[in-house]
Amino acid sequence: MFRQPDKSPWGAVQHSETLCPGVFLITAENHGGTMVSKEVEAFLSPAAMKCGFKQNGFVCFEEDSQEDVVLRELLDKKLWSVPARVRDKAAFEENINNNIRKYNPDYWRAREQSRAVAPPARSAPAKETAARDAR
5 MFRQPDKSPW
15 GAVQHSETLC
25 PGVFLITAEN
35 HGGTMVSKEV
45 EAFLSPAAMK
55 CGFKQNGFVC
65 FEEDSQEDVV
75 LRELLDKKLW
85 SVPARVRDKA
95 AFEENINNNI
105 RKYNPDYWRA
115 REQSRAVAPP
125 ARSAPAKETA
135 ARDAR
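Final position of the sequence shown in the numbering used here is 139; the numbers increase by one with none missing.
Structure below.
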């Protein structure tokens, strides 16, 4: 089990919500952010890692400008979904994307480039399919 942080770069933790195992949405007295445990940080892309900073065994992402990077990574990797309480999920995701484009344009470019060069899902070539169907 992953330990929830009791202190953060933003002060003593007042509230912690687990987004997925090892990833915590933190609220401190005046601020907060998202903290990713070192045990699961490997799911973060290199571009995402550059947006955060390491402290006390966590990669930390400040709520005002870096937190959306973690949310985008979690959504893209299907490790988290938009909460049910959010009525307009498309607008929620677009807000995440807009904040990333504004505050973390290098991350956004890297994300878009990696999505553009990702190979499409491979389907069996027609010749192989015909041969298999003939059996």
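Think of the CB as a built atom: it goes at the ideal place given N, C-alpha and C, for glycine as much as any other residue.
Spatial neighbours of residue i in its chain, beta-carbon cut-off 6 Å, leaving aside the 5 residues before and after
i	result
Gly-61	Lys-42
His-35	Trp-14
Glu-21	Leu-29
Val-44	Gly-26
Classification of residue i by the beta-carbon crowding that lies within 10 angstroms, buried from 16 upward
i	result
Phe-57	exposed
Lys-131	Residue placement at Lys-131 is flagged as unreliable, the pLDDT there being 48, under the threshold of 50; a coordinate-derived value is accordingly withheld.
Met-39	buried
Val-74	buried
Glu-116	exposed
Arg-119	exposed
Val-63	buried
Gln-70	buried
Ser-12	buried
Continuous beta strand (DSSP E) stretch holding residue i: start and end
i	result
Gln-59	57–59
Gly-21	Residue identity check: residue 21 is Glu in the sequence provided, not Gly. That run of the beta strand (DSSP E) goes 15–24.
Phe-28	27–32
Identity of the residues DSSP links to residue i by a beta bridge
i	result
Val-63	Val-40 and Lys-58
Lys-11	Ala-16
Beta-carbon proximity check, residue i vs residue j, cutoff 7 Å
i	j	result
Ile-104	Asp-72	yes
Leu-48	Glu-66	no
Leu-83	Cys-24	yes
Ala-114	Ala-46	no
Close beta carbons around residue i, own chain, < 8 Å, minus the five adjacent residues each side
i	result
Arg-7	Ser-41
Ala-134	Only weak support exists for where Ala-134 lies, its pLDDT of 47 falling under 50; the value from the coordinates is given anyway. Answer for Ala-134: no residue qualifies.
Endpoints, the alpha helix (DSSP H) within which residue i is located
i	result
Asp-80	71–80
Neighbourhood of residue i by C-beta, 7 Å cutoff - its chain only, sequence neighbours within 5 removed
i	result
Trp-112	Ile-104 and Arg-105
Lys-93	Val-86
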